[in-house]
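What follows is a short report on a single structure.
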Amino acid sequence: MALQRMGIVKNYEDIRKFTVVIVGVGGVGSVTAEMLTRCGIGKVILKEMPNSEHSLTYIYGFQLILFDYDKVELANMNRLFYQPAQAGLSKVTAASMTLTRINPDVKIETYNTNITLTTQFEEFLRVLQTGGISGNRVDLVLSCVDNYEARMTINTACNELALEWFESGVSENAVCGHIQYIVPGESACFACAPPLVVASEIDEKTLKKDGVCAASLPTTMGVVAGLLVQNTLKKLLHFGTISWYLGYNALADFFPSMMIKPNPNCTDSFCLKRQEEFKNRVIEEPVCKNEELPEDKVIHKDNEWGQYSVFQKLY
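Heads up: the sequence shown begins at 22 in my numbering, then just goes up one per residue.
Written out as structure tokens, the structure reads:
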């Protein structure tokens, strides 16, 4: 609530009114889920049901939804979040248990599902449309998967539903990572600008050798998860500037940032449809004249230590 007093966020309590989907609860996704849970994303809502046996009934209005189909392994212990005692459990089950202990007010909904399978893609699409058991459309999708096929599946679903999402990833050398904010039609989707490996028609599976695992550092994954959640909060609570694409190179502490425009020759038909819709919206929206904005006054506010702090909006 201090963010409100400082004028950073207009109403932080709105964080309870969102349903967010995290696909992939591995090194980045599990930490992302923990951060959002500690921030209070979604909330168990109590509602009176006069015709029921009990006067109060739990109604799950908004929640954090987790998708994964992998199990916790001891090899995951060099990362954050999971514990050795959870080895053998499905990641969504282990994550739900831990997150519920951290903040029992947040409703965690889990799907032990491989979304890349045709038989399970429809379920994924339904959850995005209905918010699972809540019946509320999902507000945002966070992709924390580690392969191209899963990213393309999320891309296809979000393009079809015109749903905004964040893509994230960490390189196999464990010292680079990125996040990308994707608004269908307005920015490049994942099919608009495919990775170099895919564009070169190299099979992603051939890059991985048997018995050799990609490097992983909890530090790099923690940084990427932090950037992802920070931008998620800015998007949902409407403060600050959202990064369209933000990279991270740990070797030089380099953070490249850019905006990637949609590809008019994208191979995704839904992306082309969203591009056309966005163009039509831009044409229909009236052009606002530049107006001089009043200069913000510096506000000095006393605090409990008898000192003052200075808060000023920055543009």
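In this text, a Cβ means the ideal position worked out from N, Cα and C, and glycines have one as well.
LEU161 bridges to which residues according to DSSP? VAL41
Could you round the C-beta distance between ALA183 and ASN284 to whole angstroms and report it? I think they count as a contact, below 8 Å. ALA183 to ASN284, Cβ: 17 Å. No contact.
Straight-line gap, ARG147 to LEU120 (C-alpha atoms, nearest Å): 24 Å
Strictly by DSSP, which residues pair up with CYS197? ASN270
Okay, do the stretch 86-105 and the stretch 37-53 touch, 3+ Cβ pairs below 8 Å being the bar? yes
Going by DSSP, which residues form a beta bridge with GLU130? ILE86
Put VAL191 into one of helix, strand or coil per three-state DSSP. strand
Is it right to say GLU130 is buried, meaning 16 or more other beta carbons lie within 10 angstroms of its own, or is it exposed? So GLU130 ends up on the buried side.
Through-space distance from ASP167 to TYR286, alpha-carbon basis: Residue identity check: residue 286 is Asn in the sequence provided, not Tyr. Each residue's alpha carbon lies about 26 Å from the other.
Rounded C-alpha distance that separates ASN270 from LYS128: 35 Å
Using the three-state DSSP reduction, which class does MET22 fall into: helix, strand or coil? Three-state DSSP puts MET22 in coil, outside helix and strand.
Am I right that PHE83 and PHE39 are in contact with their C-beta atoms under 8 Å? What's the rounded C-beta distance? 6 Å
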